[in-house]
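Protein chains in written order, with my numbering: chain E, 3 to 634; chain Z, 47 to 311; chain U, 123 to 388.
Okay, structure first, notes after.
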Amino acid sequence: MAPTGSTTSRHPMTGNEMRGDSAAGMERHAYDVVVVGAGGAGLRAAIAAHDAGARTAVVCKSLLGKAHTVMAEGGIAAAMGNRWPEDNWEVHFRDTMRGGKMLNNWRMAQLHAQEAPERVMELEDWGALFDRTEDGLISQRDFGGHKYARLAHVGDRTGLEMIRTLQQRVVQLGIDVFMECTVTDLLLAGDRADLAGDRAESRSIAGAFGYWRETGRFILFEAPSVILATGGIGKSFKVTSNSWEYTGDGHALALRAGASLINMEFVQFHPTGMVWPPSVKGLLVTESVRGDGGILKNSEGRRFMFDYIPDFFRAETADTEEEADRWYDDKKNNRRPPELLPRDEVARAINSEIKAGRGSPHGGIYLDIASRRDPEFIRKRLPSMYHQFKELADVDITAEPMEIGPTCHYVMGGVEVDPDTELSGVTGLYAVGECSGGMHGSNRLGGNSLSDLLVFGRRAGEAAASYAAGQGSRPVVDEADVKAAERSALAPFDVEGGENPYTIQQDLQQTMNDLVGIIRTASELEESLTAIEGLKKRARSMVVEGHRQYNPGWHLALDLRNMLLVSEAIARAALAREESRGGHTRDDYPKPDPDWGTKNLVVRLDDTGSGVTLTEQPLPVMPDELKSYFEE
Amino acid sequence: MASTDAGVRGPTRAEIEERTLRTDRWWLSPLTTFVVFSAFVVYATWRAFTGDDYYASPYLSPFYSPCLTDSCVEGSSDFGTPFSWWSLSPALLILIFPLGFRMTCYYYRKAYYRAFWLSPPACAVAEPHGSYSGETRFPLILQNIHRWFWYAAVAVAVILTIDVVLAFRNAEHEWGHMGLGTLLMLVNVVLIWLYTLSCHSCRHIVGGRLRHFSKHPVRYRLWTWVSRLNADHAKYAWYSLFSVALVDLYIYLLATGTIEDVRFF
Amino acid sequence: MGYDLKMRIWRGDQEGGELGDYTVEVSEGEVVLDAIHRVQATQAGDLAVRWNCKAGKCGSCSAEINGRPRLLCMTRLSDFDAGETITVTPMRTFPVIRDLVTDVSFNYEKARQLPGAELGPRDDDGKRRMMQIDVERGQEFRKCIECFLCQDTCHVVRDHDHNKPAFAGPRFFLRYAELDMHPLDTHDRRVLAQGAAGLGLCNITKCCTEVCPEGIKITDNAIIPMKERVVDRKYDPLVWLGNKIGLRPRDYEGRMEVGEGPVRRP
Numbered sequence: 003m004a005p006t007g008s009t010t011s012r013h014p015m016t017g018n019e020m021r022g023d024s025a026a027g028m029e030r031h032a033y034d035v036v037v038v039g040a041g042g043a044g045l046r047a048a049i050a051a052h053d054a055g056a057r058t059a060v061v062c063k064s065l066l067g068k069a070h071t072v073m074a075e076g077g078i079a080a081a082m083g084n085r086w087p088e089d090n091w092e093v094h095f096r097d098t099m100r101g102g103k104m105l106n107n108w109r110m111a112q113l114h115a116q117e118a119p120e121r122v123m124e125l126e127d128w129g130a131l132f133d134r135t136e137d138g139l140i141s142q143r144d145f146g147g148h149k150y151a152r153l154a155h156v157g158d159r160t161g162l163e164m165i166r167t168l169q170q171r172v173v174q175l176g177i178d179v180f181m182e183c184t185v186t187d188l189l190l191a192g193d194r195a196d197l198a199g200d201r202a203e204s205r206s207i208a209g210a211f212g213y214w215r216e217t218g219r220f221i222l223f224e225a226p227s228v229i230l231a232t233g234g235i236g237k238s239f240k241v242t243s244n245s246w247e248y249t250g251d252g253h254a255l256a257l258r259a260g261a262s263l264i265n266m267e268f269v270q271f272h273p274t275g276m277v278w279p280p281s282v283k284g285l286l287v288t289e290s291v292r293g294d295g296g297i298l299k300n301s302e303g304r305r306f307m308f309d310y311i312p313d314f315f316r317a318e319t320a321d322t323e324e325e326a327d328r329w330y331d332d333k334k335n336n337r338r339p340p341e342l343l344p345r346d347e348v349a350r351a352i353n354s355e356i357k358a359g360r361g362s363p364h365g366g367i368y369l370d371i372a373s374r375r376d377p378e379f380i381r382k383r384l385p386s387m388y389h390q391f392k393e394l395a396d397v398d399i400t401a402e403p404m405e406i407g408p409t410c411h412y413v414m415g416g417v418e419v420d421p422d423t424e425l426s427g428v429t430g431l432y433a434v435g436e437c438s439g440g441m442h443g444s445n446r447l448g449g450n451s452l453s454d455l456l457v458f459g460r461r462a463g464e465a466a467a468s469y470a471a472g473q474g475s476r477p478v479v480d481e482a483d484v485k486a487a488e489r490s491a492l493a494p495f496d497v498e499g500g501e502n503p504y505t506i507q508q509d510l511q512q513t514m515n516d517l518v519g520i521i522r523t524a525s526e527l528e529e530s531l532t533a534i535e536g537l538k539k540r541a542r543s544m545v546v547e548g549h550r551q552y553n554p555g556w557h558l559a560l561d562l563r564n565m566l567l568v569s570e571a572i573a574r575a576a577l578a579r580e581e582s583r584g585g586h587t588r589d590d591y592p593k594p595d596p597d598w599g600t601k602n603l604v605v606r607l608d609d610t611g612s613g614v615t616l617t618e619q620p621l622p623v624m625p626d627e628l629k630s631y632f633e634e
Numbered sequence: 047m048a049s050t051d052a053g054v055r056g057p058t059r060a061e062i063e064e065r066t067l068r069t070d071r072w073w074l075s076p077l078t079t080f081v082v083f084s085a086f087v088v089y090a091t092w093r094a095f096t097g098d099d100y101y102a103s104p105y106l107s108p109f110y111s112p113c114l115t116d117s118c119v120e121g122s123s124d125f126g127t128p129f130s131w132w133s134l135s136p137a138l139l140i141l142i143f144p145l146g147f148r149m150t151c152y153y154y155r156k157a158y159y160r161a162f163w164l165s166p167p168a169c170a171v172a173e174p175h176g177s178y179s180g181e182t183r184f185p186l187i188l189q190n191i192h193r194w195f196w197y198a199a200v201a202v203a204v205i206l207t208i209d210v211v212l213a214f215r216n217a218e219h220e221w222g223h224m225g226l227g228t229l230l231m232l233v234n235v236v237l238i239w240l241y242t243l244s245c246h247s248c249r250h251i252v253g254g255r256l257r258h259f260s261k262h263p264v265r266y267r268l269w270t271w272v273s274r275l276n277a278d279h280a281k282y283a284w285y286s287l288f289s290v291a292l293v294d295l296y297i298y299l300l301a302t303g304t305i306e307d308v309r310f311f
Numbered sequence: 123m124g125y126d127l128k129m130r131i132w133r134g135d136q137e138g139g140e141l142g143d144y145t146v147e148v149s150e151g152e153v154v155l156d157a158i159h160r161v162q163a164t165q166a167g168d169l170a171v172r173w174n175c176k177a178g179k180c181g182s183c184s185a186e187i188n189g190r191p192r193l194l195c196m197t198r199l200s201d202f203d204a205g206e207t208i209t210v211t212p213m214r215t216f217p218v219i220r221d222l223v224t225d226v227s228f229n230y231e232k233a234r235q236l237p238g239a240e241l242g243p244r245d246d247d248g249k250r251r252m253m254q255i256d257v258e259r260g261q262e263f264r265k266c267i268e269c270f271l272c273q274d275t276c277h278v279v280r281d282h283d284h285n286k287p288a289f290a291g292p293r294f295f296l297r298y299a300e301l302d303m304h305p306l307d308t309h310d311r312r313v314l315a316q317g318a319a320g321l322g323l324c325n326i327t328k329c330c331t332e333v334c335p336e337g338i339k340i341t342d343n344a345i346i347p348m349k350e351r352v353v354d355r356k357y358d359p360l361v362w363l364g365n366k367i368g369l370r371p372r373d374y375e376g377r378m379e380v381g382e383g384p385v386r387r388p
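Shown next as structure tokens:
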């Protein structure tokens, strides 16, 4: 348990070497690989790095096992062919690319489809108990955008199963975990002055700097490899399914270290979030409700999704209710119900219905499974949804429809990485999971997230370990950088008479929700950029009360800087991309533009260090043998 | 070490004076249990030690069934008198089995640990003891022999069932008759069976111990049935406690001539 | 529909602390965590509270509300009268860090002492086969969100610090039961459960089941079956007799007994 070479005793939970009452100071640790984030991607990366022989540490903002992965409900997409023998990686690859409107990094989509089945089997080896088919194999369920029933699942709590399995594996392997420890800066090797002039090529990672939430003390990790697995950015939006941790830390850390982000304009709004009561607004309602027979209705009782089938998916979508209903029992001879179109399509349709005044009393629309499946079936297949509505909204989903509306769910954009190794533009810096970009293109299919975490988590872990093993000497951390990181982290305590971070956060969330939401226009995006500039200014003078020990006000103040930077990246990219595609819908450019379909927008930190710049970059070209999958 | 063990008021815990901050009437349930169980124990002790008034032909009190000693009233020894040398009340000889079954029962343990030993009196209410060793030492480690008592309890339930059959006679032991006593005994034996079959040990033995239900479909079926009963084990524990006392009381009142049996036919 | 809610929130750390009075505006449909957040955003920016998903899925916001262990995010204000004062304290079984945040390291230590799943080789086609009815019991236990409310309410450690080294607690009895019922696991942890994990310290007073926000029947479905499995191994006269005359139950065939002692690590 204790890291070798350490003489002090580590706190058994957090890994903190010092108690709150011990003398001030900073902990220093040396590792081969430091993983930032303990969700599915981080834990899988840590396991892979450990298995490859690297001394590995996992650093996470919350307790181990609480990461946002637990919220994933539907399942892990993997073409195992347990339900449909005709399913294979090629079909999964095709579905993924089409779902992402062909903007995905083809190589990532290919690796993902090829390796996902084995990653799922590994979870089972480590003790996961998936739902079974009649033959005793891992059961697979239908989900939007997937041609075949493909999602390995456990009721509607697959994410919990996945994180628990990985967590238990990490514990079994004895990997060091630093809980409730937040990384605020990445440290680079060499002299900062030399680095300022040229870009990424010469930069390499030397370590990471952060603080213990419990004590507020600083901690320094010296390591040649750092893997970012920090998840998404949803907390910048008011209505979101994401938890407080989702403040874009990895995105911002990577930017500040000199790496680039891609696809930041693509933010997925999940079509079905709770809309009432207000305290849970945005909370996710799993897509499995629709996969298992739930349908969407407006206030007039009309099953409106038939009015919103785009040409792109017309050939494979049922156009009558009769055919759609038959599909659940006979998938071979019928086409899929339009409720199971990719998430961006469904979210837009719901948004239009609400705007047209056909919404429900609390500003959503109806998701109805009560009238279509018997209570026993619903409770068995969707236990946590049943629980969630019963406990939080006092709604019995076996007896009445749910009120739902779109909620910010996932960011497709993230750190630009090499598809095979997940290496970013900075040597030694890797990114996986939601904080990496490219895999999902402009829109992610349900179920592809959990498999993404596993496939690329493992690849990054192995690559990071191998890079660390190849380094003859350890990179040296510049002590001036450490001092600078300390000063920057303590800055909010030094301000007097400034604003409280909670208010700034609320204003940012409102801005992003209103101006950079599901439907965007140039004028609103410009307005949002002005607003973000204003918020940045206010943030420079924000003040926190109290002291450093477990102080949420201080934590938020530090996270807020990341949120502002990432929000700006999203707004700038959204303003630049003058088309509608996947998770980016422009009212002023309502159609996809083939020209925009060939390029990514790349975001980098600007010279001031507090804003971002944009460049266009052509998509990697898919080899011809893969192109053939898309010829009709 | 135990003496310094302050539990929720220990040095590292959040400093709160109250032993509990519960605002509901948490004491109601343990108090009720205490009163009812105590009343039963007093009643049962008195009845078991008197050695009298337990047979009113054709009814035999469940406290005294089977009656196996020479002191048994005439007509009550349906299984002979193998313990003819026993000089104390015949009830003491057999009550040990149902008593042991209930004392080691997983439900009763919960109830009396809470109500009598206050360990804990209710959830999140600090208990008054300085030390605690649970069921790891003698005598409480003997709770692990619950299963032995279950085997015996099945035998007792069979005997009580036979008693019910015998109760379909009149006072002269002619078949084909029934009275209120018969009905009470019938209800009692049904509740006794429900209590015995809903036992956690029973649930384990019929199928719970398996790792592969799929390879034992019959035992799986049995296990699901017992599991369903098991959910109401506490309820059956209470009902059967009342019914057994009620049957005994009824027979006592008949035997002492206080009341007359209501004969149906 | 809003009203002013009176709250008492414990503020302090290991040096000491007390219940502080707050009045905060709340509205219909809100939960206790909403009220705490509003206190945090408007009156006490440094009020420490641990939370993540706010949907009853991650098990972070465990605390005690009016003396009962609950999740802050799953306790609706409508469960109380509008005039009632709601008292919120940290979990009282674990050492306090600050305000509502406690040091739950006890649980992470216990997790490390438990030998994890060890499955045999896969089938020849590279897959594993388990039937749904065989995994269902384990699936119930794997619903556990590790909120540690069961550990908090359990008097074995709540009222007796001295039992902490010897007692794994309900959450980990769930895990023992899960692994023991796993159709493909190859280890037999019964002796370990009774010995090192302190299953015998449990006197099945069922408070763990009462507080479980996931509704897992911890006592009936995990602890008691586990106790019964220990009885199979150590105390059953018929099993003992069966062993003597060569009638062995096959439940544990092919399973290797893991004894007491430190867990092996590669």
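Where is the CB? At the ideal position from N, CA and C, for every residue including glycine.
- Here U:Ala166 is actually not in contact with U:Val223; their C-beta atoms are around 14 Å apart, not less than 8 Å.
- Between E:Arg383 and E:Glu341, the gap from beta carbon to beta carbon reaches 8 Å or more.
- Using a C-beta cut-off of 8 Å, the stretch 236-253 of chain U makes no contact with the stretch 150-158 of chain U, since fewer than three inter-stretch Cβ pairs fall below that distance.
- The beta carbon of U:Ser149 sits closer than 8 Å to some beta carbon of chain E.
- Of all residues in the stretch 309-337 of chain U, only Gly320, Gly322, Leu323, Cys324, Asn325, Ile326, Thr327, Lys328, Cys329, Glu332 and Val333 place a beta-carbon less than 8 Å from a beta-carbon of chain Z.
- Annotated three-state conformation of Z:Thr302 is coil, per DSSP.
- Considered as a whole, the stretch 407-454 of chain E harbours 416-418 and 431-433 as its complete beta strand (DSSP E) runs of no fewer than 3 residues, in chain order.
- Across the set E:Tyr591, E:Leu628, E:Ile572 and E:Thr610, the C-alpha of E:Ile572 shows the shortest separation from the C-alpha of E:Val604.
- The C-alpha of E:Asn300 lies about 28 Å from the C-alpha of E:Arg100.
- In this structure, E:Gly407 and E:Ile356 form a Cβ contact; the two beta carbons are roughly 6 Å apart against a cut-off of 8 Å.
- The CB of E:Met73 comes closer than 8 Å to the CB of Cys175, Ala177, Lys179 and Cys180 in chain U, given here in chain order.
- Contiguous beta strand (DSSP E) elements confined to the stretch 127-184 of chain U occur at 138-148, taking only those with 3 or more residues.
- Closest by C-alpha distance to U:Lys286, out of Z:Gly180, Z:Val233, Z:Leu212 and Z:Arg257, is Z:Gly180.
- Under the DSSP assignment, E:Met123 falls in the alpha helix (DSSP H) whose first and last residues are Trp108 to Asp127.
- At a cut-off of 8 Å between C-beta atoms, Z:Val87 does not count as an interface residue with respect to chain U.
- Rounded to whole angstroms, U:Trp132 and U:Arg220 show a C-alpha spacing of 9 Å.
- Between the stretch 72-87 of chain Z and the stretch 162-172 of chain Z, the count of Cβ pairs shorter than 8 Å is three or higher; the stretches touch.
- Where Z:Ala198 is concerned, the enclosing alpha helix (DSSP H) starts and stops at His192 to Leu212.
- When rounded, the separation of the alpha-carbon atoms in Z:Gly176 and U:Asn325 is 16 Å.
- Look at Z:Thr58: its C-beta is under 8 Å from a C-beta on chain U.
- Of the other Cβ atoms in all chains shown, fewer than 16 fall within 10 Å of the Cβ of E:Lys334; this residue is therefore exposed.
- Of the residues E:Glu627, E:Thr600, E:Lys629 and E:Gly555, the one whose Cα lies closest to the Cα of U:Thr164 is E:Gly555.
- Look at E:Pro592 here: in three-state DSSP terms it is coil, with no helix or strand label.
- For E:Asp137, the neighbours in chain U by C-beta distance under 8 Å run, in chain order, Arg251.
- The criterion of a C-beta distance shorter than 8 Å is satisfied by U:Asn343 and U:Arg259.
- With distances taken between CA atoms, U:Tyr357 lies nearest to U:Gln316 out of U:Cys195, U:Gln316, U:Gly368 and U:Ile340.
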